[in-house]
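Numbering (the UniProt record's numbering), first residue to last: 1 to 149. Since the structure comes first, as structure tokens, the remarks are kept for the end.
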């Protein structure tokens, strides 16, 4: 499990130019979600649809149920309507999560990160920013522009 703290802008809300980056992350096979949310309330974002982020609220708890009880029910594990939030309301400070089972999967992820984290080149030059910068040195892998060391 790789958790990467990120700042998607300088203010408290996500900079609009990074929304496409956040939404793109959900398409990556190693991506397991994003921890962040609104001011003073973090959530776990597990998916997206259009510009809406689908999230779980870790602050919602339930009593433990005994699996062998005749009253055991899984009904409370599901909700008819998932909780969503518009991506433009996301706090700029969050952590993105990836799960890699092998060194090969980690190496593949490291190769994909520059594309995943790139800001759209379709923006006018006055609104472009540098790509999200990162350095990865994990499990003896040291990836840079020159490849593995």
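Beta carbons: idealized from backbone N, C-alpha and C, even for Gly.
Consult DSSP for residue i and reduce its assignment to one of helix, strand or coil.
i	result
residue 13	strand
residue 73	coil
residue 122	Below a pLDDT of 50, predicted positions are generally treated as unreliable, and residue 122, at 45, falls in that range; the measurement from the model is reported next regardless. Coil, per DSSP.
residue 87	helix
residue 45	strand
residue 81	coil
residue 113	helix
residue 24	helix
residue 99	coil
residue 106	helix
Answer yes or no: do residue i and residue j have a C-beta to C-beta separation smaller than 8 Å?
i	j	result
residue 96	residue 25	yes
residue 54	residue 46	yes
residue 29	residue 44	no
residue 18	residue 8	yes
With distances taken from CA atoms, which of the options is nearest residue i?
i	options	result
residue 11	108, 98, 103, 90	90
residue 62	56, 111, 76, 87	76
residue 5	93, 114, 102	93
residue 115	78, 27, 85	27
residue 20	107, 87, 99, 103	87
residue 82	56, 40, 65	56
residue 158	60, 69, 70, 66	Residue 158 is absent from the structure shown; the chain starts at 1 and stops at 149.
residue 37	50, 49, 13	13
To the nearest whole angstrom, what separates the beta carbons of residue i and residue j, a pair I think is in contact under 8 Å?
i	j	result
residue 118	residue 84	Rounded, the Cβ-Cβ distance is 26 Å, inconsistent with contact.
residue 100	residue 3	Not really, about 12 Å apart at Cβ, beyond 8 Å.
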